[in-house]
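*Asks:*
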Amino acid sequence: MLRYIALFSLLMVGVVGVLYAYPTFAQDMTNNDPLGVDYGQYTGLSDQDLRVSVALVIRFILGFLGIIFLILTLYAGFLWMTSAGNEDNIEKAKKILWGSVIGLAIVLASYAITQFVIGNLSGVMGIKPS
């Protein structure tokens with residue numbers, strides 16, 4: 008009985024889907040832009056290139072990571088200064104400090120590489136990064 012109910016339900020969903028399907032007469036507005044790089048003109052969001060938008064997002068993320076590592080460095084320094092000679096707290100602060108310095112170096116290197124690549128790609132493609 009449950010099998011017949013499931014079959015009937017699927018049949019009814021199919022019938023309703025066929026009966027209420029209307030054709031859509033939408034026209035293609037992006038004939039001049041087959042790759043979609045000028046999406047801002049058609050969506051009304053922005054006139055800048057998609058690659059520039061991605062570059063801005065990458066810069067924001069790297070800046071945010073830099074702030075996180077700066078906060079970790081300050082925390083490690085605070086922990087070291089308030090350890091009052093406790094060797095466990097000093098070792099913990101040293102580990103946090105070394106980790107944050109290495110992380111900050113990685114973020115700065117990736118930021119420099121990103122700036123170099125985006126600058127060269129922008130110059131070659133004739134777009135202006137902001």
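Sequential numbering from 8 applies to the sequence shown in this note's numbering. Every residue, glycine too, gets a C-beta built ideally from N, C-alpha and C. Note that the coordinates shown come from a computational prediction; the quantities given were computed from them, not determined experimentally.
#1: Quick check on this structure: which residue in 118, 82 and 27 has the alpha carbon closest to the alpha carbon of residue 69?
#2: With distances taken Cα to Cα, identify the nearest neighbour of residue 67 among 122, 26 and 24.
#3: To the nearest whole angstrom, what separates the beta carbons of residue 65 and residue 82, a pair I think is in contact under 8 Å?
#4: Put residue 93 into one of helix, strand or coil per three-state DSSP.
#5: For residue 91, count neighbouring C-beta atoms within 10 Å of its own C-beta (all shown protein chains included) and say buried if the count is 16 or more, exposed if not.
#6: Report buried or exposed for residue 74, applying the criterion of at least 16 other Cβ atoms within 10 angstroms of its Cβ.
*Replies:* So, to answer that:
#1: Of the listed residues, the one whose Cα sits closest to residue 69 is 118.
#2: With distances taken between Cα atoms, residue 67 lies closest to 122.
#3: Actually they are not in contact, since the Cβ atoms of residue 65 and residue 82 sit about 26 Å apart, beyond 8 Å.
#4: Coil, per DSSP.
#5: Exposed, because fewer than 16 other Cβ atoms sit within 10 Å of the Cβ of residue 91.
#6: Classification for residue 74: exposed.
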